[in-house]
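> With my numbering, the residue at position 114 of the sequence shown is 115, and numbering never jumps. Where is the CB? At the ideal position from N, CA and C, for every residue including glycine. Questions regarding the structure given below will be posed in turn.
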Amino acid sequence: MDVMNQSIVSEFIFLGFTTSWKIQLLLFVFAFLFYSASMMGNLVVVFTVALDSHLHSPMYFLLANLSVIDMVFCSIIVPKMIYGIFKKHKSISFCGCITQIFFSHAAGGTEMVLLITMAFDRYVAICKPLQYLTIMSPRMCLHFLVTSWTIGLIHSLVQLGFVVDLPFCGPNVLDSFYCDLPRLLRLACTNTQELEFMVTVNSGLISVGSFVLLVISYIFILFTVWKHASRGLSKALSTLSAHITVVVFFFGPLMFFYTWPSPTSHLDKYLAIFDAFITPFLNPVIYTFRNKEMNVAMRRLCSRFVHYKNIS
């Protein structure tokens with residue numbers, strides 16, 4: 002797949018957000034703090050679930066894998082952006098741009114499927130508690146995880162097929178801070194209307210369809226709880242409100258990117274901040290740090306670490 006021989010353009014230039022030095026400084030601080038907090042928060046979740054035997058359950062297994070995906074997704078875009086904030090020539094190679102698109106769509110597609118799996122996990126836990134451990138067995142959880150990554154990779158390969166053979170002969174300026182598939186298609190030296198439609202079908206409908214499916218599943222869970230056990234409605238609302246918050250923050254920008262009529266406005270690169278910075282930061286906060294079992298497990302691990310340190 003010799004993409005370089007088919008394109009005159011060897012790199013793309015990011016316009017970023019602004020040329021103001023003060024705003025760039027604020028953006029650097031914002032990006033660095035949120036990226037650091039996201040990585041640390043998600044790492045805490047992963048290590049806590051892995052090291053504490055009390056959290057070896059399907060729900061926390063899925064939460065830990067969500068944290069891994071968030072760290073991957075965040076690291077695909079943010080470090081490159083932070084590195085280039087103060088550079089006048091914010092560039093990325095052609096192959097680097099294609100690689101960024103591939104991994105971002107792979108991680109995004111995987112997270113979509115994983116969020117649906119987590120909704121199914123909550124449905125079984127709330128509506129069929131006696132059968133929960135039988136249905137959500139370790140083997141089934143592993144199947145769900147493999148299926149999520151498989152679908153994410155297939156989705157990404159399909160997206161990559163839209164651009165890898167396109168000729169790019171200039172201009173090479175992207176009004177963004179990362180390689181965005183819709184904007185990249187408009188730089189091709191050929192008519193890409195059909196490809197843009199295919200991107201909308203592939204990513205737009207998948208995003209909207211997954212979001213609608215998740216909302217319907219949450220409504221069904223709440224209706225079931227209300228119908229059979231009204232006392233558990235407040236607990237179910239508390240649990241699902243966290244899931245719904247993450248779903249809205251994750252799917253909202255995606256649905257805008259891939260369903261808004263072309264050409265997109267400048268708003269999309271600001272909405273991309275939610276997926277690149279806010280959502281990976283909020284996931285550990287909303288899903289886990291509000292969770293009593295997770296808080297107890299983190300304190301238990303901290304006390305164990307202090308104890309080992311004092312002994313050594």
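Ile14 bridges to which residues according to DSSP?
According to DSSP, which records beta bridges pairwise, Ile14 is partnered with Ser92, Val174.
> Should the region 66-80 be called in touch with the region 106-119, which here means at least 3 C-beta pairs below 8 Å?
With a cut-off of 8 Å, the region 106-119 and the region 66-80 count as touching, because enough Cβ pairs lie within range.
> For Ile86, which residues in the same chain have their Cβ closer than 8 Å to its Cβ, ignoring the five residues on either side in sequence?
The residues are Gly17, Gln25, Leu28, Phe29, Ala32.
> Going by DSSP in three states, Ser41 sits in which element: helix, strand or coil?
Reading off the sequence shown, one finds Met at residue 41, where the question assumed Ser. In this structure, Met41 counts as helix in the three-state DSSP scheme.
> Give the straight-line distance between the Cα atoms of Leu143 and Leu167, rounded to the nearest whole angstrom.
If you take the alpha carbons of Leu143 and Leu167, they lie about 37 Å apart.
> Could you tell me if Ala126 is buried or exposed, where buried requires 16 or more neighbouring beta carbons within 10 angstroms of its beta carbon?
Buried.
> Asp122 by DSSP, collapsed to three states: which one?
Three-state DSSP puts Asp122 in a helix.
> At what residues does the alpha helix (DSSP H) containing Asn66 begin and finish?
Here the alpha helix (DSSP H) through Asn66 covers 59-85.
> Rounded to the nearest angstrom, what separates Ile9 and Phe198 at their Cα positions?
In a straight line, the C-alpha of Ile9 is about 25 Å away from that of Phe198.
> If I follow the unbroken alpha helix (DSSP H) through Gly205, where does it start and stop?
From DSSP, Gly205 is part of no alpha helix (DSSP H); its letter is neither H nor E.
> Can you list, in chain order, the residues of its chain whose CB lies under 8 Å from that of Phe282, leaving out five sequence neighbours each side?
Within the same chain, Phe282 has close Cβ partners Phe35, Ala38, Ser39, Gly42.
> Would the beta-carbon of Ser177 be found less than 7 Å away from any heavy atom of the ligand SAH?
Absence of the ligand SAH is noted for the structure shown, with no ligands found whatsoever.
> Rounded to the nearest angstrom, what separates Phe212 and Arg300 at their Cα positions?
C-alpha separation (whole angstroms): 35 Å.
> Considering only C-alpha positions, which residue in the set Ser208, Ser304, Thr100 is nearest to Val164?
Among Ser208, Ser304, Thr100, the Cα nearest to that of Val164 belongs to Thr100.
> Cα-Cα, which of Ser54, Trp22, Cys128, Lys23 is closest to Ile1?
Nothing can be reported for residue 1, as the shown portion of the chain is limited to 2 through 313.
> In angstroms with no decimal places, state the Cα-to-Cα distance between Met60 and Arg305.
Distance between the alpha carbons of Met60 and Arg305: 24 Å.
> Can you tell me whether Ala298 is buried or exposed? The criterion is at least 16 other CB atoms within 10 Å of its CB, across all chains shown.
So Ala298 ends up on the buried side.
> Quick check: the Cα distance between Ser242 and Leu206, rounded to an integer number of angstroms?
Going from the Cα of Ser242 to the Cα of Leu206 covers about 24 Å.
> Please report the distance separating the alpha-carbon of Ile316 from that of Phe275.
No information on residue 316 is available, as it lies outside the stretch 2 to 313 that the chain covers here.
> What's the call for Arg140, buried or exposed, on a 16-neighbour Cβ count within 10 Å?
Per the 10 Å Cβ criterion, exposed.
> Measure the C-alpha to C-alpha separation of His13 and Ser157 and round it to an integer number of angstroms.
Contrary to the premise, residue 13 reads as Phe rather than His in this sequence. If I take the Cα positions, the gap works out to 20 Å.
> Return the chain-ordered list of same chain residues with a C-beta closer than 6 Å to the C-beta of Ile136, the five sequence neighbours on each side being excluded.
The answer, listed in chain order, is Val125.
> Kindly indicate which residue of Ile78, Ile102, Phe15 has the alpha-carbon position closest to the one of His90.
Closest by alpha carbon: Phe15.
> Expressed to the nearest angstrom, what Euclidean distance is found between the alpha-carbon atoms of Val286 and Val159?
Looking at the two C-alpha atoms, the distance is approximately 33 Å.
> Just the Cα atoms here: how many angstroms apart are Leu44 and Ser54?
Using only the alpha carbons, I get a separation of about 17 Å.
> Assuming the contact rule is C-beta atoms closer than 8 Å, Thr118 and Phe74 should be a hit. Round their C-beta distance to whole Å, please.
With 8 Å as the limit, Thr118 and Phe74 do not qualify as a contact, their Cβ atoms being about 17 Å apart.
> First and last residue of the alpha helix (DSSP H) that includes Pro183?
182-186 is the extent of the alpha helix (DSSP H) around Pro183.
> Rounded to whole angstroms, what's the CA-CA distance from Leu186 to Tyr133? Just pull it up for me.
Spanning the two alpha carbons is a distance of roughly 46 Å.
> Is the distance from the Cβ of Leu64 to the Cβ of Glu294 below 8 Å?
The answer is no: Cβ separation not under 8 Å.
> For Ile9, does the three-state DSSP call read helix, strand or coil?
If DSSP states are grouped into helix, strand and coil, Ile9 belongs with coil.
> May I ask which residues mark the beginning and end of the alpha helix (DSSP H) holding Phe282?
280-284 is the extent of the alpha helix (DSSP H) around Phe282.
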